[in-house]
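Participant:
Chains as they are written, first to last, in the numbering used here: chain A, 295 to 702; chain B, 295 to 702.
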């Protein structure tokens with residue numbers, strides 16, 4: 295971790311110095327802070343801070359970085375910090391800036407900075423493959439951002455915390471690797487998600503473990519790794535998802551002995567085939583060697599046309615060909631659906647297709663929103679109740695107070 | 295070359311068979327034919343035909359292809375053939391199609407075909423970094439193209455010819471390599487252009503040769519390699535440019551003994567940093583080992599905003615970092631300008647900047663269009679007269695007949 299060692303007084307002195315010194319300050323947005331978190335813990339290694347132009351260009355054009363020794367590492371999404379004209383002017387010839395949070399508390403120092411133009415249109419086109427208005431991350435983090443990007447080497451004062459009751463789930467890559475060692479894992483398979491876990495997901499994860507055992511691994515460990523950063527407004531918030539995941543483990547749908555639940559601190563870009571590479575690469579840095587990938591990973595509806603933005607098969611194809619990910623073992627998602635005859639989620643059997651119902655994420659959310667129940671066996675009761683409780687908390691009749699009580 | 299061997303009767307038989315057989319036919323546009331030309335001669339090697347989806351996706355996301363043996367080759371622009379719904383239906387389960395020219399003459403066979411979706415928006419966004427309306431190649435070749443792409447292995451019946459008086463300049467990569475060997479070249483430096491050659495260009499080329507001699511090369515040969523495929527309407531047409539280049543050699547501005555003039559058959563995409571990789575890679579396939587790159591290569595004005603589409607330095611930077619081009623020697627363009635004191639084109643000397651005038655391509659074309667003369671020493675007289683003659687041929691008072699007389 296690029297951490298300024300918290301060596302007691304020295305550390306506080308350093309922070310105080312940063313606060314009082316003439317080093318210019320940049321205030322971080324919530325998403326900026328999430329990227330500071332990602333960078334400081336090494337998820338994006340070998341990046342040592344926000345991208346300088348050479349890294350930004352390689353990411354946009356090649357989805358990978360070539361290191362000085364010739365090694366190629368995958369890096370598909372720009373991890374950049376935008377500043378505006380007045381900030382650029384204030385920084386002037388300074389080689390360092392202090393990054394501060396919403397309360398002006400110094401969070402990190404960026405040194406040997408490089409400032410370069412932020413061509414938003416080009417960044418968006420090359421990352422998302424569209425420039426249509428309404429892409430969630432773009433609207434949130436790019437459209438109104440400054441016209442310059444500032445790169446440099448990042449050092450945080452202390453590990454990033456959110457004080458939302460979930461920090462114990464925020465394990466860094468090295469903490470995760472230690473945990474896998476502690477559990478004597480000989481294979482780690484990662485499952486990225488940003489939705490509640492239903493029994494179809496669980497089936498897939500259990501089945502993957504069995505396949506790894508069949509391949510000869512003795513102790514495959516599942517990294518159930520929900521994305522914890524920015525998500526779009528109609529996704530279920532992290533706090534509720536974590537509560538739901540806890541129920542799934544409590545009720546034994548997933549086996550706690552072979553499962554590590556942790557939060558992946560990245561924001562969500564909804565950039566499909568470009569983003570799935572990032573999702574996989576970051577998990578490799580955390581010790582995973584198998585990655586489960588489904589239909590349309592990190593996909594989204596086209597913001598202005600009535601279709602999915604990405605071809606549902608492209609994510610898997612691009613991931614399998616991505617430079618720097620050659621050694622990754624990709625486990626394709628098998629399609630699970632609700633089997634009416636067996637009254638449970640099962641792998642779809644085309645020979646008796648009439649027995650199956652497909653329940654999409656949208657359908658699931660609609661049911662929970664309407665306080666209805668899904669078919670028995672779709673999701674464990676405790677997990678479903680969490681979802682219903684979440685949507686109930688949004689109902690206007692119960693006042694917006696409840697909403698406020700949910701940690702942001 | 296992927297050429298069906300013209301073994302007399304056998305060859306004609308094969309063409310007749312193709313013509314008469316039930317193999318479905320696809321009519322090629324002018325740009326499609328240019329790509330057939332490019333592919334058949336090996337400029338895009340190791341591509342053996344129009345891209346299948348795996349190649350298309352790697353090009354869009356990584357600007358390079360990974361071969362089965364793990365080698366990475368640069369391939370930055372999609373070389374694809376679009377078909378529409380009815381063509382797709384007509385092809386059905388056929389594994390072969392015949393490609394025919396405007397006169398329905400069979401030109402090539404595409405075999406082991408693969409048909410996949412043509413997501414135009416994504417193709418454009420990832421290739422040009424914008425989806426703004428008005429990009430010349432997009433308007434010409436993509437906007438109205440079909441919604442499917444067809445890839446496969448290409449075999450041409452005979453070398454592509456245009457019968458425009460310029461075919462003798464259309465040397466294939468292997469013909470160029472033979473020519474370089476014949477001239478005992480120990481270094482080949484390529485100069486890509488789509489504009490008339492002025493004395494600033496010539497200075498740069500002469501200077502590059504001197505630098506190569508200083509590096510110890512005994513016989514560096516210049517490949518003056520004008521782009522011969524599609525260009526936008528306000529560029530000077532190939533026929534006139536070739537006439538202008540001939541004058542430049544005739545008048546000794548460039549030395550014919552150390553210069554090979556040939557036509558690069560690719561269409562022009564105006565895709566800046568993405569396209570410059572293609573321009574360099576194709577010349578490597580033709581035996582060049584040094585590539586001269588200037589400001590804003592393959593650049594263009596933004597189609598809807600008042601600015602250049604690309605950062606003028608990005609082309610050079612992206613080229614220097616491009617996967618598969620690690621071994622290319624890139625020679626950065628030095629800035630030449632008109633030196634009023636010396637009355638000639640010279641390398642810009644910032645210590646006496648007032649002595650210099652910058653004459654842009656647009657300025658040059660405007661002067662010629664107005665039948666005015668540039669300052670003495672800007673371009674050789676014969677070359678300038680060709681330009682003036684071209685613009686005179688466009689004048690309405692002289693009738694559109696003259697225009698017709700220029701080979702298309």
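From the three backbone atoms N, C-alpha and C, an ideal C-beta is built for every residue, glycine too.
Do we get a CB-CB distance below 8 Å when we pair residue 372(B) with the residues of chain A?
Facilitator: Numbered from its first residue, the second chain carries residue 372(B) at position 78. For residue 372(B), the answer is no, since every Cβ of chain A falls outside 8 Å of its Cβ.
Participant: I'd like to know if residue 442(A) contacts chain B, where contact means its C-beta is closer than 8 Å to some C-beta of that chain.
Facilitator: What you label residue 442(A) is simply residue 148 of the first chain in a count that begins at 1. Not an interface residue.
Participant: Please classify residue 625(B): is it buried, with 16 or more other beta-carbons within 10 angstroms of its beta-carbon, or exposed?
Facilitator: Indexing the second chain from 1 puts residue 625(B) at position 331. Buried, by the Cβ-count rule.
Participant: With a cut-off of 8 Å on the beta carbons, I'd call residue 492(A) and residue 345(A) a contact; round off their distance for me.
Facilitator: Numbered from 1 along the first chain, position 198 holds the residue referred to as residue 492(A). Numbered from 1 along the first chain, position 51 holds the residue referred to as residue 345(A). With 8 Å as the limit, residue 492(A) and residue 345(A) do not qualify as a contact, their Cβ atoms being about 37 Å apart.
Participant: Who are the neighbours of residue 703(A) on chain B, taking C-beta pairs under 7 Å?
Facilitator: No answer is possible for residue 703(A): the residues shown for chain A start at 295 and end at 702.
Participant: Please determine, among 437(A), 412(A), 389(A), 629(A), the residue with the shortest C-alpha to C-alpha distance to residue 447(A).
Facilitator: For the purposes of this step, residue 447(A) is taken as the residue at position 153 of the first chain. Ranking 437(A), 412(A), 389(A), 629(A) by Cα distance to residue 447(A) puts 389(A) first.
Participant: Looking at the strands, I want to know which residues DSSP matches up with residue 282(A).
Facilitator: Residue 282(A) is absent from the model: chain A starts at 295 and stops at 702.
Participant: Can the beta-carbon of residue 637(A) be found closer than 8 Å to that of residue 666(A)?
Facilitator: Your numbering for residue 637(A) matches position 343 in the first chain. Your numbering for residue 666(A) matches position 372 in the first chain. No, the Cβ-Cβ distance between residue 637(A) and residue 666(A) is not below 8 Å.
Participant: How about residue 615(B) and residue 352(A): do their beta carbons lie closer than 8 Å?
Facilitator: Within the second chain, the letter at position 321 stands for residue 615(B). Within the first chain, the letter at position 58 stands for residue 352(A). In contact: residue 615(B) and residue 352(A) (Cβ atoms closer than 8 Å).
Participant: CA-CA distance, residue 317(A) and residue 347(A)?
Facilitator: Position 23 of the first chain, counting from 1, holds the residue named residue 317(A). Position 53 of the first chain, counting from 1, holds the residue named residue 347(A). Going by the C-alpha atoms only, they are around 22 Å apart.
Participant: Determine the DSSP secondary structure at residue 696(B), reduced to helix, strand or coil.
Facilitator: Your numbering for residue 696(B) matches position 402 in the second chain. Caution is warranted here: a pLDDT of 43 is assigned to residue 696(B), below 50, making its placement in the model unreliable, and no coordinate value can be reported.
Participant: Shorter than 8 Å from the beta carbon of residue 345(B) to some beta carbon of chain A?
Facilitator: Locating residue 345(B) in the second chain gives position 51, counting from the first residue. No, no contact with chain A.
Participant: Count Cβ pairs between the region 495–512 of chain A and the region 415–424 of chain A that sit closer than 8 Å; are there 3 or more?
Facilitator: The answer is no - the region 415–424 of chain A does not touch the region 495–512 of chain A, with fewer than three Cβ pairs under 8 Å.
Participant: Please give the ranges of any alpha helix (DSSP H) in the region 440–525 of chain B, keeping only runs that are unbroken, at least 4 residues long and fully inside the region.
Facilitator: As far as the region 440–525 of chain B is concerned, its whole alpha helix (DSSP H) runs of at least 4 residues are 467–476, 493–508.
Participant: Suppose the cutoff is 8 Å on Cβ atoms and the five residues either side in sequence are ignored; what does the same chain contact list for residue 634(B) look like?
Facilitator: Counting from 1 along the second chain, the entry for residue 634(B) is found at position 340. Correct list, in chain order: 649, 650, 651, 669.
Participant: Can the beta-carbon of residue 538(A) be found closer than 8 Å to that of residue 490(A)?
Facilitator: Residue 538(A) sits at position 244 when you count from the first residue of the first chain. Residue 490(A) sits at position 196 when you count from the first residue of the first chain. Going by C-beta atoms, residue 538(A) is nearer than 8 Å to residue 490(A).
Participant: Counting Cβ pairs closer than 8 Å, one from the region 349–364 of chain B and one from the region 593–602 of chain B, do we hit at least three?
Facilitator: Not touching, per the Cβ criterion.
Participant: Looking only at its own chain, which residues have a Cβ that is under 6 Å from the Cβ of residue 618(A), when we skip the five neighbours before and after it?
Facilitator: Here the question's residue 618(A) lines up with position 324 in the first chain. So the qualifying residues of the chain are 358, 366, 367, 368.
Participant: Taking 8 Å as the CB-CB limit, is residue 519(A) close to chain B?
Facilitator: Residue mapping note: residue 519(A) aligns to position 225 of the first chain, counting from 1. Not closer than 8 Å to any Cβ of chain B, the Cβ of residue 519(A) fails to qualify, so no.
Participant: Closer than 7 Å by C-beta to residue 406(B): which residues in its own chain qualify, once you throw out the five before and the five after it? Chain order, please.
Facilitator: Numbered from 1 along the second chain, position 112 holds the residue referred to as residue 406(B). Same-chain partners within the cutoff: 389, 446, 447.
Participant: Does any CB atom of chain B fall closer than 8 Å to the CB of residue 413(A)?
Facilitator: Within the first chain, numbered from 1, the residue matching residue 413(A) stands at position 119. Taking Cβ atoms only, chain B reaches closer than 8 Å to residue 413(A), which makes this a yes.
Participant: Since I believe residue 558(B) is in contact with residue 588(B) (beta carbons under 8 Å), could you give me their beta-carbon distance rounded to a whole number of angstroms?
Facilitator: The residue given as residue 588(B) occupies position 294 in the second chain. The residue given as residue 558(B) occupies position 264 in the second chain. Their Cβ separation, rounded to whole angstroms, is 16 Å, which puts residue 588(B) and residue 558(B) out of contact at 8 Å.
Participant: Could you check if residue 437(A) is buried or exposed, using at least 16 other CB atoms within 10 Å of its CB as the buried criterion?
Facilitator: By 1-based counting over the first chain, the position of residue 437(A) is 143. Per the 10 Å Cβ criterion, exposed.
Participant: Any heavy atom of the ligand GTP closer than 7 Å to the CB of residue 672(B)?
Facilitator: By its list of ligands, the structure shown contains no ligand whatsoever, and the ligand GTP lies outside what it can speak to.
Participant: Just the Cα atoms here: how many angstroms apart are residue 530(B) and residue 519(B)?
Facilitator: The residue given as residue 530(B) occupies position 236 in the second chain. The residue given as residue 519(B) occupies position 225 in the second chain. Taking the straight line joining both Cα atoms gives about 15 Å.
Participant: Nearest CA to the CA of residue 483(A): which residue from 476(A), 466(A), 494(A), 501(A)?
Facilitator: By 1-based counting over the first chain, the position of residue 483(A) is 189. Of the listed residues, the one whose Cα sits closest to residue 483(A) is 501(A).
Participant: Could you say which of 467(A), 325(A), 689(A), 410(A) lies nearest to residue 606(B) if we only look at CA atoms?
Facilitator: For the purposes of this step, residue 606(B) is identified with residue 312 of the second chain, where counting begins at 1. Of the candidates 467(A), 325(A), 689(A), 410(A), the one whose C-alpha sits nearest the C-alpha of residue 606(B) is 410(A).
Participant: Whole angstroms is fine: what's the gap from residue 425(B)'s alpha carbon to residue 415(B)'s?
Facilitator: Here residue 425(B) is taken as the residue at index 131 of the second chain, counted from 1. Here residue 415(B) is taken as the residue at index 121 of the second chain, counted from 1. Cα-Cα distance, rounded: 7 Å.
Participant: Any beta carbon from chain B within less than 8 Å of residue 340(A)'s own beta carbon?
Facilitator: Against the first chain, residue 340(A) aligns to sequence position 46. Not an interface residue.
Participant: Would you grab the beta carbon distance between residue 547(A) and residue 496(A) for me? Rounded to a whole angstrom, and I think it's under 8 Å.
Facilitator: The count along the first chain starts at 1 and reaches residue 547(A) at position 253. The count along the first chain starts at 1 and reaches residue 496(A) at position 202. The pair is a contact, with the Cβ atoms about 5 Å apart (cut-off 8 Å).
Participant: Out of curiosity, what's the CA-to-CA distance linking residue 660(A) and residue 524(B)?
Facilitator: The residue you call residue 660(A) lines up with position 366 of the first chain. The residue you call residue 524(B) lines up with position 230 of the second chain. C-alpha separation (whole angstroms): 52 Å.
Participant: What three-state label does DSSP hand residue 543(A) in the structure shown?
Facilitator: For the purposes of this step, residue 543(A) is taken as the residue at position 249 of the first chain. Correct three-state label for residue 543(A): helix.
Participant: Answer yes or no: do residue 460(B) and residue 473(B) have a C-beta to C-beta separation smaller than 8 Å?
Facilitator: Here residue 460(B) refers to the residue found at position 166 when the second chain is read from its first residue. Here residue 473(B) refers to the residue found at position 179 when the second chain is read from its first residue. In this structure, residue 473(B) does not lie closer than 8 Å to residue 460(B) by Cβ.
Participant: Pick helix, strand or coil for residue 702(B), following the three-state DSSP scheme.
Facilitator: Within the second chain, residue 702(B) is the residue found at index 408, counting from 1. With a pLDDT of only 40 at residue 702(B), under 50, the local geometry of the prediction cannot be trusted, and no value is derived from it.
Participant: For residue 577(A), count the other beta carbons within 10 Å of its own beta carbon; 16 or more makes it buried, fewer makes it exposed. Which is it?
Facilitator: As a working mapping, residue 577(A) is identified with position 283 in the first chain. Classification for residue 577(A): buried.
Participant: DSSP three-state label for residue 400(A), please.
Facilitator: Position 106 of the first chain, counting from 1, holds the residue named residue 400(A). If DSSP states are grouped into helix, strand and coil, residue 400(A) belongs with the strands.
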